[in-house]
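S.K.:
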Amino acid sequence: MFDYGGRTGYEPISEVDRKEFHEQGFLLLRNVLTEDHRAALEAAVDRVYAEEKAKGTTTKDGTLHLLGFLERDELFGDLLTHPIAFPYMWGLAGWNIYTHHNHLDVTPPALEPEKPYWGWHQDGYRQNSDPETMDPNLPRPMFSLKVAYVLSDLSEKGRGATKVIPGSHLWNSLPRPDDLTVHNPDPEGTVEITANPGDAFIFDRRQWHSRSTNLSNITRKMLFVGYTYRWIRPLDELHIDSDGEWWANRTPVQRQLCGEGTHTANYWGINWNGYIDDEIPLRKELKERGLLDRSVPWLR
13 MFDYGGRTGY EPISEVDRKE FHEQGFLLLR NVLTEDHRAA LEAAVDRVYA EEKAKGTTTK
73 DGTLHLLGFL ERDELFGDLL THPIAFPYMW GLAGWNIYTH HNHLDVTPPA LEPEKPYWGW
133 HQDGYRQNSD PETMDPNLPR PMFSLKVAYV LSDLSEKGRG ATKVIPGSHL WNSLPRPDDL
193 TVHNPDPEGT VEITANPGDA FIFDRRQWHS RSTNLSNITR KMLFVGYTYR WIRPLDELHI
253 DSDGEWWANR TPVQRQLCGE GTHTANYWGI NWNGYIDDEI PLRKELKERG LLDRSVPWLR
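Quick note on the working numbering: the sequence shown kicks off at 13 and runs consecutively.
#1: Measuring CB to CB, does Arg-245 end up less than 8 Å from Asn-108?
#2: I need the straight-line Cα distance from Pro-309 to His-195, nearest angstrom please.
#3: In its own chain, which residues sit with a C-beta less than 6 Å from the C-beta of Leu-368, not counting the 5 before and 5 after it?
#4: I'd like to check one pair, Thr-46 with Asp-73: are the Cβ atoms closer than 8 Å?
#5: Is the distance from the Cβ of Thr-111 to the Cβ of Leu-269 below 8 Å?
#6: Going by alpha carbons, who is nearest to Gly-201 out of Arg-301, Leu-186, Leu-303?
#7: Any idea what DSSP makes of Asn-208, helix, strand or coil?
#8: Tell me, please, which residues DSSP counts as bridged to Leu-41.
#9: Mark Arg-42 as exposed unless 16 or more other C-beta atoms lie within 10 angstroms of its C-beta, in which case mark it buried.
#10: I want to check one thing, is the minimum distance from the CB of Arg-218 to the heavy atoms of the ligand GTP below 7 Å?
#11: Would you mind reading off the limits of the alpha helix (DSSP H) that contains Arg-242?
#12: For the candidate residues Thr-69, Asp-85, Pro-24, Thr-70, whose alpha-carbon lies nearest to that of Asp-253?
#13: Just to confirm, is the Cβ distance from Leu-175 to Ser-228 under 8 Å?
#14: Specify, as a first and last residue, the run of the alpha helix (DSSP H) that Asp-48 falls within.
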């Protein structure tokens, strides 16, 4: 439907990008969406937003943070294997993955001036406690990552963009100011991810990040798709009609990414005999394309 110059979603990422991601905890990717694709996604977001506003699910200032949005439009389902972004998902996390968490965000201009706010956090909830060691210098596992598609113009600061601290994905804690009444108590090294419509950024769930207030006259519109290992439970609930057209249109790899599996051991990447299940759709695809790599643990 959209022209990505023959890109398939199975082109390996560069070692330069891999190194930057592991060092910084995020990557900003320019021109990920073609303009016609971006415009179509924005129209789909506007439709969903109108439906949710009519149901009264937006906040009083019109903000919408909609979890598990993928099945709301055919275009959203296709994002699972976007030809430019998807290689970063399997390239950085491997073949035994699915989407456990995804959200559609619409943030209109704020109704009042920015107030002091401390929103810095790592994603993952108990993933930040349950696997932690007693050694504060030993980073926790990544476990998951997200790709965020930018649909509106976030090229200037103050438009509600995500803030990050590059390299902070290797920190298990972040000092919190004693006085949170100070205006904008952002930690040292904070970067606001300014991006153009059609850009995307990828980030490690451990990356310390925060929302920011939209002080502009532009409505912020974004789509976030998170990927984790299939042996981790879903965070958001998808309401997929297995007899409907949306599900019928999904490829085997996309069905895996929506959580489909043949049996419980399959989610762990194996058959009941304990050996790797080569029929897992994404592994099968990568194997047929010669993209498995024993030097990369998650691509073995």
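Every residue gets a Cβ at the ideal spot worked out from N, C-alpha and C, and that includes glycine.
M.R.: Taking the coordinates as given:
#1: Within the sequence shown, the letter at position 233 stands for residue 245. Within the sequence shown, the letter at position 96 stands for residue 108. Taking the C-beta atoms as reference points, Asn-108 is found no nearer than 8 Å to Arg-245.
#2: In the sequence shown, counting from the first residue as 1, residue 309 sits at position 297. In the sequence shown, counting from the first residue as 1, residue 195 sits at position 183. Put simply, the backbone Cα of Pro-309 is about 44 Å away from that of His-195.
#3: The requested residue 368 does not occur in the structure, where the chain is confined to residues 13 to 312.
#4: Counted from its first residue, the sequence shown places residue 73 at position 61. Counted from its first residue, the sequence shown places residue 46 at position 34. When the beta-carbon positions are compared, Asp-73 and Thr-46 stay at least 8 Å from each other.
#5: Counted from its first residue, the sequence shown places residue 111 at position 99. Counted from its first residue, the sequence shown places residue 269 at position 257. Yes, the Cβ-Cβ distance between Thr-111 and Leu-269 is below 8 Å.
#6: Here residue 201 is taken as the residue at index 189 of the sequence shown, counted from 1. Ranked by how close their Cα comes to the Cα of Gly-201, the residues Arg-301, Leu-186, Leu-303 have Leu-186 in first place.
#7: Against the sequence shown, residue 208 aligns to sequence position 196. Of the three classes helix, strand and coil, the one that applies to Asn-208 here is coil, per DSSP.
#8: Along the sequence shown, one-based indexing puts residue 41 at 29. DSSP lists Ala-212 as partners of Leu-41.
#9: Walking along the sequence shown from the start, residue 42 turns up at place 30. Result: exposed.
#10: As for the ligand GTP, it is missing from this structure, which has no ligand bound.
#11: Stepping through the sequence shown from its first residue, residue 242 is reached at position 230. Run containing Arg-242: none; DSSP gives neither H nor E here.
#12: Position 241 of the sequence shown, counted from the first residue, corresponds to residue 253. Nearest of Thr-69, Asp-85, Pro-24, Thr-70 to Asp-253, Cα basis: Asp-85.
#13: Locating residue 175 in the sequence shown gives position 163, where the first residue counts as 1. Locating residue 228 in the sequence shown gives position 216, where the first residue counts as 1. Reading the sequence as shown, one finds Lys at residue 175 and not Leu. No, they are not a contact pair.
#14: In the sequence shown, the residue the question calls residue 48 occupies position 36. Run containing Asp-48: 47-67, per the alpha helix (DSSP H) assignment.
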